[in-house]
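Chains P, U and L, in that order, are what the protein sequence lines are. Take the numbering used here: the final residue in the first sequence is number 307, and no numbers are missing along the way. Take the numbering used here: the final residue in the second sequence is number 1314, and no numbers are missing along the way. Take the numbering used here: the final residue in the third sequence is number 2537, and no numbers are missing along the way. Backbone N, C-alpha and C fix where the C-beta goes; we use that ideal spot for every residue, glycine too. Computed from a prediction, not measured in an experiment: that's the story for all the values here. So the structure is just underneath, and the comments pick up after that.
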Amino acid sequence: MARTDSSTVTLPAASTERPQWTKKKSQLRIAWGRFYRDKMALLGGIMIVLVAFMAIFAPYLSPHDPYGMDITKRLRPPGTPGYLLGADESGRDILSRLMWGGRISLVTAIVPVIAAAIVSMVIGLVAGYYGGWIDQILMRTLDVFFAFPRIILAIALAAALGSGMISVMLALFAGLIPYISRVAYGAALTTKNLQFVEAARSCGAAGRQIIFHEILPNILAPVIVYSTTLTGLMVILAAGLSFLGLGVAPPQADWGIMLDGGRRVITIAPHVATIPGLLILFVSVAFNLLGDGLRDALDPRLRDASE
Amino acid sequence: MVRYIVQRLLMLIPILLAVSVVIFVMMRILPGDAAVAFAIESPAELEKIRRDLGLDRPIYVQYGIWFWGLLHGDLGRSIQLEKPVLDILLPQFVNTLILAAGSFMLAIVVGWSVGILSATKQYSLADRLAMLVTLFGVSMPAFWLGLVLMWLFAYELRWLPAAGMYSIRGDKTFWELLNHLILPAITTAAVPAAVIARITRSSMLETIRQDYIRTIRAKGLPERAVVFKHALKNAMPPILNITGLQLGFLLGGAIFTEVIFSWPGIGWQLYSSISGRDYPMVQGFVLLTSCCFVLVNFAIDILTTYVDPRVVLE
Amino acid sequence: MARRIWRMTWLLGYLIVIDILIFGAALPVGAETPRQGGTLVYGLETEPGVLDPHIFGPWATARVVMHIFDALVTFDTTTGSTRPPIVGQLATSWDISPDGKIYTFHLRQGVKFHDGTPFNAEAVKANIERMTDKESPYYFERASARQRVAWRWLEKTEIIDDHTIRLILSQPFSDFLAYLADKQQPSAMISPTAMKKYGNKQIAQHLVGAGPFKVVEQVPGEKVVLERFDGYWGKKPYLDRVIIRPIPDPASRVLALQTNEVDVITIPPPDSKDQLIQQGFNWMQGDVHHIWHIPLNLENEYIKDKKVRQALNYAVDKKGMAQYVLNNTVIPAMHGITMPTAPSWDPELTVYEYNPEKAKALLAEAGYPDGFKIKFQVSTAGSGQLLPVPMMEYIQKNLRDVGVELEIDAYEWLSYVGMWIQGAKPDVAGMQMSTGRPYDHWLSRVLHSKNDAPVGWNNGHVKDPVLDDLMDRATVEPDAAKAAALWKQAVQRTAEEAYSLTIAHDLMPMVLGPNVKGFKFPHLEWFSFRETWLEKK
């Protein structure tokens, strides 16, 4: 497939070399070493861990109840005593809401990606390995979903499924599958034709064995890299859906809803909308850095193509 | 080549058909329907209104009626606006195209320039700066950027207008349009420009490293010619591919921009129609956009094959 | 010395005369003279949608429709009175029979529709048939459904002569005229020639009325352009054009006003009040027929008990809500289930002042000393719904203080409306709604047992025979004063029984640019710019 969507991943050219992944343990250590030395990737990883930490331990860390309205403190700017990042349009502490909101924003972004990655790998493997009419059916069906720009598909699905975390996750999940499947499929096709697979088959290995032992390890790397980068996009998309009113419903709050609330008071108190957006930006940057770092660590040949 | 084109075109039809079914069903999963909006005043009349709107018939009958109309070029009538869907969507579609075209051009100009500059001056300060900026660019939430730009330039500085395509009072001049287009275009173009810049840079770098470039340089050709005449031409295919893909992203990204800047395009209308359960409008919208999207991707595939026959598609 | 004093006096006198001359010239001589011409741009808070007066949807669309169409009768919003009187528009006068069943309208002579068709009794009959007579060629099912309540008791329409028409009802209906004047526009008149020519489906693209403005252009999502109709029968508008621009986002709306893109906006975000006033804009707000409340569900196990309902009302700090959450763009609703501009409004009847101690005591009496959990449902936004979720969250906080745990269930507007008209389910304690009308029959539609959802608007399933009886008598009472007294009693009953958690009355804030003149606050949620003029900037 020539198309790899709006990401910075380019697939390695087909080679006859046996990919490094199959020499597992030591390879992992080498990959980790590479990753560790890549400062930017490390930075990305650390940022994500920090944000996740903040979200997971929100109940213990947040200075205020995220739903606690103190009307007299409405729209206070950052730096007001007790309200490090200021208060929003209902007098709630923005920092606390960011922490608690992170739980929703991160979960609605990460879970669909993981689920979609798993399902896509299955699809890609099956279609890629067996080929024939299974391949045609699966890929053609995916083509239908490719006909929609991703955002529009997400909006239509989220609207159809009603508001709430589950609907958003389902909408994102459905929107991700075509794209990750394509990557998995492409990688599976490439691997299938390599000599060592031929060798395994001629040794009498069953189809399923080949899929799991030979092909799967080789599609893991591109899928993981692609998925990581996509997670950043999903954080944005999930927030965007909430922003449009199609995501979680108030009084639950995630970063997108905070942005929407801040929109009304943008001329009076710009910090209410600006701060959550900034956080979304940084989380997205972090995932991109992480994705780049993973790509460089797992397969340096890919790095040459983009550095 | 011709056979390939025909093959692809034929495949489009079942895809679009499937798209139409999917969207038809999706809309009807939604609770509440357009009749509800009219029935607020007299809830007892809900069934009557539903009958009048044709919403009481079984779903396959409704689909059949709509599809039949489709074959005659009739996309049905909007329930909220009592006007043929096409009459409403086409002018708005044009508005979205204007926004998309403007953003696309901005993205290409900025993306390609930055990418080429970065590649030719690898590791310089400019390059590092560009990489940093594009990193933020690809991670940018468009709706946030739009809000910030609007606040800064339209409100605080009053340099640029905050909403709409034209000033409601002035004449519809080209300069008015351009003035109103600036902020929305920047908002929509941010991510694509960054993505294009990155792929341009990496593709150029890969090409420049090739042996034949070194040979040409050794021959004594001026750097400019090396870059633009030889390297760029060969770096083009992946650049074109990704650039084309951005068009799809643009179509989607335009929705947020349209909502924030009240740009009277098709994205804004989609939002409004979903809220109003205006089925014919949503169906028409999705069909139109998907058609467009599929055709554009198709054109890009053809273009890519044309530019570099080495790229094997499917 | 004497000379110096004399000179000083002279100088002083001289200065005084000069001052008088200067100030005198600057003082406005009476009212300013209206200026002819100009285009007013109005930033509307929602896309108006279809402008057919008999079927249009959003509340705000009425403000556009009222420029294009005149009706038999209307509320006169130009007086600035808080109880806009009903006046004739296309009807000059009317006689009502003593038994209240026969209305004879005398129609205005010399009126022409925008397309030149003369206005007469035939035209009125055609319009009424559109909404009531299945056999008529003009009949429009959707219009009939929409206008059902107004024409509910109409039995016969008789043309007496070219300019007299008689409407015969099967029973007296004290608010009949009010309904005809209502924003729903049941008595708006469309040119029968146009109706015949275009049919019900196409008429929306070719609107022909008899109002002071005609439609030039309508682009969905962008604008509606109206132009003065020089053949108008009444006082011709000063404005050449009115352009309505839908700007659903409140922040953009304010911005558009501040950058002079529009001249008038409605429903600005309450927080922008101080800033806009400081910048010299004209912020107007006042009593209108509006109430934001939570009709309580009498089929819910807790709400069944009157003491619980009363406790809930005592528990909410309505004054605080008005002040802090809505920046005083509303007044607290503490006078029963009615509205400031309704005839039954009694400012003396003040109930349920904020008293959390009393609330706790009542709850204990009802058998819930430790409180309980309930659920309210609300929309996330909607036409006229103020700020539903922040308001609910404020209520949640108040209720928590008296031991009641409130769960808030929020839905997108249209889904919510679909649910709301089905009525509240037993596990839901109340479904918020924001609404109102300038006449009292509204109360019957909301609380009469006959109108139990899903048939009518009685979302909380209130079945109170005492209330029903009062409302029934008030509905058919031909004498206006007696009817108002009966409605007052009905409202008192609703207050005692606390059938709803009444929270606030919107004051319909609107903001006008400093150059917009001649507009008085209409005290009605719908109005037009017929008498407005623009000063040169």
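Beta carbon proximity, residue i to chain L, threshold 8 Å
i	result
U:P1161	yes
P:Y83	no
U:R1158	yes
U:K1083	yes
U:K1048	yes
U:L1012	no
U:R1003	no
U:I1168	yes
U:Q1210	no
P:Y185	no
U:P1184	no
U:V1312	Residue confidence for U:V1312 is low, a pLDDT of 47 falling below 50, so the modelled location carries little weight and cannot support an answer.
Exposure label - residue i; buried when at least 16 CB within 10 Å
i	result
L:S2170	exposed
L:D2162	exposed
U:V1133	exposed
L:F2023	Low confidence applies here, because L:F2023 scores a pLDDT of 47, under 50, leaving its location unreliable; read the following figure in that light. With fewer than 16 Cβ atoms within 10 Å of its Cβ, L:F2023 is classed as exposed.
L:G2116	exposed
U:I1059	exposed
U:W1151	buried
L:F2075	buried
U:V1061	exposed
L:P2028	Caution is warranted here: a pLDDT of 40 is assigned to L:P2028, below 50, making its placement in the model unreliable, and no coordinate value can be reported.
L:R2253	buried
P:M69	buried
Of the listed residues the options, nearest to residue i (C-alpha basis)
i	options	result
L:Q2147	U:I1049, U:V1296, U:L1145 and U:L1147	U:I1049
U:L1149	P:V183, P:R295, P:I30 and P:A273	P:A273
L:K2450	L:Y2439, L:L2467 and L:T2435	L:L2467
L:L2276	L:M2510, L:P2465, L:P2048 and L:R2152	L:M2510
U:E1047	L:V2455, L:P2522, L:M2471 and L:A2485	L:V2455
U:A973	U:F1249, U:D1074, U:P1058 and U:R1214	Shown here, chain U extends from 1001 to 1314; a query on residue 973 of chain U therefore has no answer.
L:Y2302	L:I2267, L:Q2089, L:L2362 and L:P2332	L:L2362
U:M1026	P:L125, P:A171, P:G232 and P:F243	P:A171
L:M2066	L:A2483, L:P2269 and L:D2182	L:D2182
L:P2281	L:I2159, L:W2292, L:L2257 and L:P2295	The identity of residue 2281 of chain L in the sequence shown is Phe, whereas the question assumes Pro. Cα-wise, what sits closest to L:F2281 is L:L2257.
U:Y1271	L:Q2184, L:E2412, L:A2490 and L:T2435	L:E2412
U:Y1370	U:G1054, U:V1191, U:G1146 and U:H1230	Outside the displayed range of chain U (1001 to 1314) lies residue 1370 of chain U, so it cannot be described from this structure.
U:I1065	U:I1098, U:V1094 and U:V1021	U:V1021
CB contact below 8 Å: residue i versus chain U
i	result
L:R2437	no
L:T2039	yes
L:L2255	yes
P:L50	no
P:A156	yes
L:Q2385	no
Residue-chain proximity (residue i, chain P), Cβ-Cβ < 8 Å
i	result
U:S1103	no
L:A2410	yes
Check: residue i C-beta below 7 Å from any heavy atom of the ligand FMN
i	result
P:L246	Absence of the ligand FMN is noted for the structure shown, with no ligands found whatsoever.
Worksheet item: Which residues, taken in chain order from the segment 240-266 of chain P, show a beta carbon closer than 7 Å to some beta carbon of chain L?
Response: G245, A249, P250, P251, R263, R264, V265 and I266
Discussion item. Threshold first: 4 residues or longer. Then list the alpha helix (DSSP H) segments lying entirely within the segment 2255-2293 of chain L, N to C.
Written reply: 2273-2278
Discussion item. Residues of the segment 2273-2298 of chain L in Cβ contact with chain P at a cutoff of 8 Å, in chain order, please.
Written reply: Among the residues of the segment 2273-2298 of chain L, those with a Cβ less than 8 Å away from any Cβ of chain P are Q2275, in the order of the chain.
Item to complete: Please name the residues in the segment 1127-1138 of chain U whose beta-carbon is closer than 9 Å to at least one beta-carbon of chain P, in chain order.
Response: L1135, F1136 and V1138
Item to complete: Would you mind listing the alpha helix (DSSP H) stretches within the segment 2127-2198 of chain L that are 4+ residues and don't spill past its ends, in chain order?
Response: Complete alpha helix (DSSP H) runs here, min 4: 2141-2146 and 2176-2181.
Worksheet item: What residues in the segment 2415-2436 of chain L bring their beta carbon closer than 9 Å to a beta carbon of chain P?
Response: S2415
Practice prompt. Ignoring anything shorter than 4 residues or poking outside the segment 2046-2120 of chain L, list the alpha helix (DSSP H) runs there in chain order.
Written response: 2061-2068
Worksheet item: In the segment 1255-1273 of chain U, which residues sit with their C-beta less than 9 Å from some C-beta in chain P, listed in chain order?
Response: For the segment 1255-1273 of chain U, residues whose beta-carbon sits nearer than 9 Å to a beta-carbon of chain P comprise I1255, F1256, V1259, I1260, G1267, L1270 and Y1271.
Worksheet item: Between the segment 2297-2319 of chain L and chain P, which residues of the former have CB atoms less than 9 Å from a CB of the latter, in chain order?
Response: none
Discussion item. In chain order, what are the residue ranges of uninterrupted beta strand (DSSP E) at least 3 long that sit wholly in the segment 2351-2382 of chain L?
Written reply: 2372-2379
Practice prompt. Identify every run of the alpha helix (DSSP H) within the segment 2403-2443 of chain L, keeping only runs that are complete inside it and at least 4 residues long; order them along the chain.
Written response: With a minimum length of 4 residues, the continuous alpha helix (DSSP H) runs that stay inside the segment 2403-2443 of chain L are 2413-2420.
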